[in-house]
Structure formats: C-alpha cells, structure tokens
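Colleague:
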Amino acid sequence: NCSSIDFTGVTDIFSTQYSWVALKKDLGQAVCWGDADYGGNCSSIDFTGVTDIFSNGDGAFVALKKDLGQAVCWGDADYGGNCSSIDFTGVTDIFSNGWDSFVALKKDLGQ
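All residue numbers for the sequence shown refer to the numbering used here, where the first residue is 6 and numbers rise by one.
1) So, V67 versus F107, is the Cβ gap smaller than 7 Å?
2) Excluding the 5 residues preceding and the 5 following N46 in the sequence, name in chain order all residues of the same chain whose CB lies nearer than 7 Å to its CB.
3) Between which two residues does the beta strand (DSSP E) holding C37 run?
4) Would W79 pass as a contact of G44 if the rule is Cβ separation under 7 Å?
5) Would you call the CB atoms of G95 and A65 closer than 7 Å?
6) Cβ of A76 within 6 Å of any heavy atom in the ligand HEM?
7) From Q75 to K112, what distance separates their C-alpha atoms?
8) What is the DSSP secondary structure of D98, counted as helix, strand or coil?
9) Locate the beta strand (DSSP E) running through I10, then write down its first and last residues.
10) Relative to the C-alpha of T21, which candidate in I58, G62, G103, A82 has its C-alpha closest?
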C-alpha cells in the first residue's frame with residue numbers, strides 16, 4: 006500500500022515482484038515499500054549521487070552511483086541483493102535477467 010507515500014519530486018519508480026522504490030534523484034532520496042525481505046525496506050541506503058536503479062523480477066535492487074564508481078544492493082541476497090564484494094568502478098550499465106540476477110557492464114573497458 007503506497008497511500009502514505011509522498012511522490013513529490015519522484016523521478017523514477019522501480020519494482021520487483023514484491024516491492025517498489027520511488028527515486029527522487031534530484032534530492033538524493035528514495036522511498037521503498039512492500040516486502041522488506043525483497044527490497045521493500047531501504048531506510049539504511051544513502052541515495053545521494055545515485056544515477057540509476059535496477060531491479061530484477063524476484064526481489065533485489067541495485068542503486069548505481071556511476072560518477073563515483075559505487076553501487077549498493079538490497080533485497081534478497083540469493084537474488085542479487087548483496088553486491089558488497091563487487092568493484093563498480095567504470096560500470097556504465099547494469100542488466101537483469103528479469104528474474105534473479107544482475108550483470109554489470111564496463112563498456113569503456115570492454116568488461
């Protein structure tokens with residue numbers, strides 16, 4: 006239920022099967038709702054500098070800070086919700102298979 010969410014300033018909305026994220030890119034803020042185990046709780050995430058958010062169908066999100074070469078993932082770790090060991094330096098795009106995983110492309114580096 007998103008009836009209590011203030012959508013003022015929302016630039017993008019993303020979803021998984023069980024949760025949603027409304028990004029306020031210009032403000033460096035976001036609000037999440039839905040099942041917390043599948044990305045519906047992002048209260049600990051710093052969205053300052055986020056350039057893009059990516060989601061997969063099952064229950065994880067990736068917030069990319071392309072200019073900083075950083076990203077943060079949340080949601081179900083079995084479906085891509087933990088990316089703490091990944092180096093996002095030079096990542097230009099992230100893709101999901103629509104179900105349970107992500108791939109990060111470093112186009113300029115050919116990786």
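Virtual Cβ for every residue (Gly too), placed ideally from N, Cα, C.
Modeller: So, from the data block:
1) yes
2) C37
3) 34 to 39
4) yes
5) no
6) The model on display carries no ligand, and the ligand HEM is accordingly not part of it.
7) 16 Å
8) strand
9) Careful: I10 lies outside any beta strand (DSSP E) and carries neither H nor E.
10) G62
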